[in-house]
Structures are given as structure tokens and as C-alpha cells.
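Some notes on the structure that comes next.
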Amino acid sequence: MSLLKIFHGWFLLLALAIFALPEVLAKYHVYIINNLGDDTTLTIHCRSKDDDLGTHSLPFEADFHWSFHINIGRTTLFYCDMNWDYIKGHFDVFVAKRDTVRCGTKCVWRVDRDGLYLYIAKDEEYELQYRWP
């Protein structure tokens, strides 16, 4: 292998690392807010491949949130099982390749009776992302 090919390979790796570095070094935050109404408790259990965040019961207008760093391959995924009354669902609440773009470093989910809404900062409003199954 020529020295030029080795140099190009290392240069490409360095360029990729520099491009991905700000995303990997950033701290990301996910918020889940219960907006189901008075007297309706939301139960959530959130996890990733590496972290189990436990089960939490959220009264109306309460939130559960956590912070983390994504991996260099941008494959970080957090998902939550949620239920209230007799309604249950499983939702991906942070997918690195998707949400570093649409959320920036803060994903805010509002859980309503018709589904889950994500706050889209550029539009300054919540948009329905998932309906209850």
C-alpha cells in the first residue's frame, strides 16, 4: 500500500472524527411530560441497550428526564414503555441519527391522550409523532 493511500485513509478518519466530535461531546437531554389530564397517572419504563432507567409513575404535568452522551457511531437509542389506564405503547424517544437533527440537544416529549408529541424548536410547537397503538 502506498504512503499516499495511507495518508488519505488517516486524513479521512481524522475528518470524520472532527465532524462527529461536537455531537459525541455534547450532552443530550430527554424529557417526558404527562399531559394526560387530572387524575391520570402515566407509568413509564425507559431504557437503552446499556442503561435501564427504571419505572416511574408521573402524575399530571410531572416529568421524567435524563441526560447522556451519544456513542461515536451515533447508534444511541432510548425507548420507553408507557401506559395509563388500559392504554399501552412502546416508543423510541431518542434515536441519535434522527434526533440530533430534529431535537438538537434537548428532546421534549408531551404525552397526550391521542399520542406523543415532540417539541420541534425550529417550528416552536409540538408535533404529533406517535399515536397510541
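Numbering-wise, our numbering comes out as the position in the sequence shown, counting from 1, plus 11. Built from N, CA and C at the ideal position, the CB exists for glycine as well.
In the structure shown, what three-state DSSP assignment does residue i receive?
i: Asp92; result: strand
i: Lys108; result: helix
i: Asp123; result: strand
i: Ser13; result: coil
i: Trp77; result: strand
i: Leu27; result: Residue confidence is low: Leu27 scores 49 on pLDDT, short of 50, so the model does not pin down where it sits. No coordinate-derived value is stated.
i: Leu129; result: strand
i: Gly100; result: strand
i: Asn45; result: strand
i: Asp61; result: coil
Under the DSSP definition of a beta bridge, which residues are partnered with residue i?
i: Lys117; result: His40
i: Thr54; result: Ser68, Asn94
i: Arg145; result: Residue 145 is absent from the model: the chain starts at 12 and stops at 144.
i: Glu136; result: Ile131
Throw me the rounded Cβ distance for the residue i and residue j pair, which I believe falls under 8 Å.
i: Ile44; j: Ile55; result: Not really, about 11 Å apart at Cβ, beyond 8 Å.
i: Asp157; j: Tyr90; result: No information on residue 157 is available, as it lies outside the stretch 12 to 144 that the chain covers here.
i: Asp123; j: Leu53; result: 10 Å between Cβ atoms; not a contact.
i: Arg121; j: Tyr137; result: 5 Å
i: Tyr130; j: Ser78; result: The pair is not a contact, with the Cβ atoms about 17 Å apart (cut-off 8 Å).
Just the C-alpha distance for residue i and residue j, rounded to the nearest angstrom, thanks.
i: Val41; j: Ser13; result: 47 Å
i: Gly100; j: Cys114; result: 22 Å
i: Asp134; j: Ile83; result: 28 Å
i: Ala37; j: Thr86; result: 15 Å
i: Arg58; j: Thr111; result: 18 Å
i: Asp50; j: Ile98; result: 15 Å
i: Gly65; j: Thr116; result: 22 Å
Under the rule that 16 or more other beta-carbon atoms within 10 Å means buried, what is residue i, buried or exposed?
i: Ile81; result: buried
i: Pro70; result: exposed
i: Tyr128; result: buried
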